[in-house]
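Undergrad: Per my numbering, the very first residue in the sequence shown carries number 1; after that it's consecutive.
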Amino acid sequence: MFAPVGDGQRRRRGSDGVRLAVAILALACCLLVIRYDSRIDRAIIQVIHPPPRSITWLVTVVYQAGSFGVVIVVLALALLARRWVIARDIGLSAAGTAAASGILILWLGSRGGRPDGIVLSGYYVTFPILQIALFVAVATAALPYLARGLQRLIEVFIALVALASAVEGHGLPVNVLGSLAIGWGMTVVVRLIFGSPLGLPSADDVRLLLEELGICSSNVHPVAQQVWGVAKYEAAELRGADSSDRRLEIVVYGRDAADARLLTKAGRFLLYRDSGPSLTITRLQQVEHEAYLILLAGQVGVAVPEIVGSGTAGPSKDALLVCRLPTGTTLSEADAADISDATLDDLYGQVLTLRRARIAHGAISGDALLVDSTAKTTVLTDFRNASASASPDQLDRDMAGAMAVTAVAVGAERAANSAARCLTPEMLEGALRHLHRPALDRALSRSLRGKRGLLEDVRQRAARAKSIDVPKLVEARRVSWPTLIMVIGTLIGGWALIGVLIDVSRAFDTVIGADWLWVIMALVLAQLAYVASGIESVGSVAGVLPFGRTTAVEVANSFSSLAGGTPAVFATRVRFYQRQGYDASVALSSGAIMSTVSWIAIGVLFLCSLPFAWGSIHLEATPESGGNAKLVWIILALVVVVAAAAGLALAVPRLRRLAAEKARPKVRDIWANLRPVVSSPRKLVLLVGGSFGQRLLVAMALSVSL
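1. Give me whichever residues DSSP pairs with C323 in a beta bridge.
2. Considering only residues of the same chain and omitting the five flanking positions on each side of I86, which have a CB-CB separation below 7 Å?
3. Around the Cβ of R477, are there at least 16 other Cβ atoms within 10 angstroms (buried) or fewer (exposed)?
4. Give the straight-line distance between the Cα atoms of W518 and F692, rounded to the nearest whole angstrom.
5. So V704 and I593 are in contact, right, with Cβ under 8 Å, and what is the actual spacing, rounded?
6. Just to confirm the assignment, what range does the beta strand (DSSP E) spanning E212 have?
7. Below 8 Å, how does it come out for the segment 429 to 445 and the segment 346 to 360: are there three or more Cβ pairs, yes or no?
8. For the segment 406 to 486, list the alpha helix (DSSP H) runs that are entirely contained and at least 4 residues long, ordered along the chain.
9. Using the Cβ count rule (16 or more neighbours within 10 Å means buried), how would you classify F715?
10. For the beta strand (DSSP E) holding H170, just list the boundary residues, first then last.
11. Taking 8 Å as the limit between beta carbons, can you name the residues of its chain near C30, skipping five residues before and five after?
12. Taking the beta carbon of A462 as the centre, do at least 16 other beta carbons fall within 10 Å, making it buried, or is it exposed?
13. Taking C-beta to C-beta, are V405 and L369 nearer than 8 Å?
14. Should the segment 336 to 351 be regarded as contacting the segment 312 to 326, the criterion being three or more beta carbon pairs within less than 8 Å?
15. For I158, which residues from the same chain have a beta carbon less than 7 Å from its beta carbon, with the 5 sequence-adjacent residues on both sides left out?
16. Is it the case that the Cβ atoms of L440 and G411 are separated by a distance below 8 Å?
17. Quick one: is F606 buried, meaning 16 or more other Cβ sit within 10 Å of its Cβ, or exposed?
18. Name the two residues that bound the continuous beta strand (DSSP E) containing A235.
19. When the distance is taken between beta carbons, is M403 closer than 8 Å to A415?
20. Cα-Cα, which of A303, I359, T312 and R12 is closest to R283?
21. With DSSP as the reference, label I193 as helix, strand or coil.
22. For a test of the three-state rule: what should DSSP assign to L697, helix, strand or coil?
23. Expressed to the nearest angstrom, what Euclidean distance is found between the alpha-carbon atoms of D372 and G450?
24. A710 to A420, Cα distance in whole Å?
25. So for T713, helix, strand or coil by DSSP?
26. According to DSSP, is D318 helix, strand or coil?
27. Mind checking which residues open and close the alpha helix (DSSP H) that includes H289?
28. Using DSSP bridges, identify the partner residues of H221.
29. Label I600 either buried or exposed according to how many other C-beta atoms from any shown protein chain fall within 10 Å of its C-beta, with 16 as the threshold for buried.
30. Using only alpha-carbon positions, find the residue among T329, R358, C216 and T264 that is nearest to V300.
31. Determine the contact status of A334 and A409, defining contact as a CB-CB distance below 8 Å.
32. By how many angstroms is the C-alpha of G543 removed from the C-alpha of V379?
33. Who are Y272's beta bridge partners in DSSP?
34. Along the chain, where does the beta strand (DSSP E) that runs through L370 open and close?
35. Please return the same chain residues whose Cβ sits closer than 7 Å to the Cβ of S332, not counting the five positions on each side in sequence.
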């Protein structure tokens with residue numbers, strides 16, 4: 001019953017990103033309609049509700065059997081067949097849908113977000129409808145694994161169950177639509193995380209596509225490193241009855257190719273200054289563009305593959321580009337000892353030839369370069385992101401990519417010497433400006449993981465070998481994640497500050513009628529609390545911190561706490577320590593020890609004051625929840641979801657090993673930085689005394705204010 005489409009490989013599809021955007025947009029529209037206008041629901045339910053008595057039983061059967069029955073049957077079959085991947089997709093989709101639906105129900109309340117004045121009799125008005133959302137999540141999660149006939153049957157059941165729900169009164173039409181969007185969208189999220197089961201076309205399917213283009217081949221297989229939005233294969237070319245030793249490179253653009261390129265273009269436009277190559281609307285246009293650039297590069301003297309054929313084939317009209325590859329291995333798979341300086345020089349020669357013709361390759365990586373260690377030659381492949389009439393920045397990024405890919409292959413020293421030998425000072429300076437990961441192709445950027453200092457080493461060595469100054473890096477990103485977080489934090493802080501300033505007139509009236517001696521004392525004590533916090537910060541590091549600047553940071557943290565609370569204060573302190581010359585581990589250890597000592601001080605002072613205030617404590621049980629009960633439940637639900645996600649992530653062995661590899665060195669560094677602070681009596685006095693003093697001064701300021 002279950003069978004994966006293609007060869008069973010999972011991959012993220014561009015069309016899933018578009019589906020997620022559509023689901024979010026549909027959910028947002030439903031929420032707006034529910035909140036501000038109910039005429040749509042009224043107009044629809046006047047036509048479909050109530051159903052005729054003669055078919056009431058049929059509507060009930062369709063709703064109950066269609067929703068509960070399909071869910072039970074699909075899940076049972078997945079477990080009986082021991083298809084654990086299918087069960088995982090179904091379970092995660094259902095769990096995510098239940099969590100999202102529960103949060104929305106708690107947030108919108110029993111009336112589904114509708115104003116109290118709107119009355120719709122005979123209907124459940126909660127939003128979303130949990131049963132519908134779970135049914136759609138399970139059904140859509142199982143769809144890619146089913147045969148085409150069963151897929152159509154499940155899709156018919158989805159439509160019938162949605163209609164029966166609205167007809168019988170289980171949910172208003174807009175509520176049903178929103179529930180469908182939630183279940184469908186959560187399934188798409190699971191596919192984007194784990195990859196779509198549709199995967200790559202099978203080798204037999206690709207071979208048939210080649211035969212339709214008149215190309216005979218054997219040993220068709222996908223390449224190890226795939227690119228989002230395109231499927232890449234290699235095969236042996238057949239000529240007559242013999243199998244040629246010439247390899248074929250097959251590039252297949254399927255239905256989601258246009259969606260993938262659109263999402264990539266939009267993402268780069270938002271996050272990067274250069275949005276990438278020109279956008280092609282259809283698959284055939286992309287193949288034609290790529291083939292044109294290959295022919296153009298070959299015409300100006302660049303070593304490129306020979307184009308065998310191109311066009312559309314198959315029932316889905318997939319676009320194919322077939323090239324004949326010369327002898328050689330990819331640079332990412334070549335042994336550094338087999339790559340001679342002459343081969344590196346030829347690589348730079350090919351890129352320089354492209355540069356003189358103003359052609360930017362746009363995707364230089366170890367997988368796009370074929371090297372022949374015997375002939376000492378290099379061939380450029382993969383022109384999917386190439387551009388004609390390229391800008392100087394695009395040409396400089398190509399040169400930076402050549403320097404980065406050679407550094408990964410043969411090391412920083414040989415890569416720097418080769419670049420200095422082949423490039424003029426002006427070209428080298430332009431390349432060094434773009435020699436950082438945001439300016440490189442994603443495939444090349446992946447190969448640089450775990451080699452953080454490699455590119456900077458190449459920059460220093462190349463500039464020294466050419467006797468030029470190391471130029472400043474060009475900022476490739478339009479918006480970086482730290483900047484985005486800072487903007488969001490500023491907006492939140494501004495909103496919180498506005499809420500404080502709204503009541504400033506009431507506070508001003510209170511101050512006017514107060515005793516000015518106590519006002520002055522409260523003001524002095526409140527400012528002294530910042531001084532105590534500065535003393536605590538100075539004692540949190542083994543080295544030296546300027547006391548004045550440290551105190552100013554603590555004053556600034558009074559605003560940071562409005563935006564993000566304790567995490568924002570912690571982050572501000574860590575960044576300040578880094579600006580004072582301390583590395584990240586010292587900053588983290590100092591921030592952690594301040595937070596720990598702060599909680600210890602609060603606990604000790606609370607226990608010490610408890611006997612004196614025992615007579616004033618009244619523990620009374622309130623039978624009703626306060627006005628913030630809904631918010632508390634939402635927060636608890638979010639905590640449970642985050643904890644479940646973290647548990648699932650740690651349950652995956654690869655993610656668990658990655659977390660251990662990242663966390664253990666940091667823990668050792670933090671402990672090594674804490675040891676000098678703990679062993680110094682002076683630092684302990686500053687740290688503990690400042691923490692206790694800050695809490696006492698705040699308590700005294702509150703006391704004199706009362």
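All C-beta atoms in this analysis are idealised placements derived from N, C-alpha and C, irrespective of residue type, glycine included.
TA: On the basis of the data shown:
1. E249 and I307
2. F2, A78, A142 and Y145
3. exposed
4. 23 Å
5. Actually they are not in contact, since the Cβ atoms of V704 and I593 sit about 31 Å apart, beyond 8 Å.
6. Element bounds for E212: not the beta strand (DSSP E) but the alpha helix (DSSP H), A203 to E212.
7. no
8. 412 to 422, 425 to 433, 442 to 447 and 454 to 466
9. Given a span of 1 to 706 for the chain in the structure shown, any question on residue 715 remains unanswerable.
10. Note, H170: premise wrong, no beta strand (DSSP E); not H, not E.
11. F127, V174, N175, L177, G178 and A181
12. buried
13. yes
14. no
15. V136 and A139
16. no
17. exposed
18. A231 to R239
19. yes
20. T312
21. helix
22. helix
23. 28 Å
24. No answer is possible for residue 710: it lies beyond the span of the chain, which begins at 1 and ends at 706.
25. There is no way to answer for residue 713, as the model of the chain reaches only from 1 to 706.
26. strand
27. R283 to Q299
28. E234
29. exposed
30. R358
31. yes
32. 54 Å
33. R477
34. L369 to D372
35. G366, D367 and S447
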